[in-house]
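S.K.: Here the sequence shown is numbered in my numbering, starting from 238 and rising by one per residue.
Questions regarding the structure given below will be posed in turn.
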Amino acid sequence: MQLTVADNYQTTIEILAALVKDYLAKPVRRVALAKVDEQMFLLVSAALELEDDEQAEFELTAELLGTREFRRIA
């Protein structure tokens with residue numbers, strides 16, 4: 238059986254309409270977006286920067302304690 242061009246378009250439109258109806262009938266999935274205000278962002282950034290500074294200071298101290306020059310000076 239041969240379908241005419243008009244029948245093909247009609248079939249295509251019906252399929253698309255069914256897909257759209259099915260999609261719209263699905264329950265809405267709400268995605269919770271993280272809401273972070275600027276003050277909280279700055280607070281966390283400062284805490285992370287302080288932690289990085291403390292870690293760098295600790296590593297430098299550990300390196301100095303392992304050197305001969307530091308032991309001689311101490």
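For each residue, glycine too, the CB sits at the ideal point set by N, CA and C.
Classify aspartate 274 as helix, strand or coil using the three-state DSSP reduction.
M.R.: Aspartate 274: coil per DSSP, three-state reduction.
S.K.: How many angstroms separate the CA atom of alanine 299 from the CA atom of alanine 284?
M.R.: Rounded to whole angstroms, alanine 299 to alanine 284 spans 22 Å at the Cα level.
S.K.: Helix, strand or coil: which one does DSSP assign to threonine 304?
M.R.: Coil.
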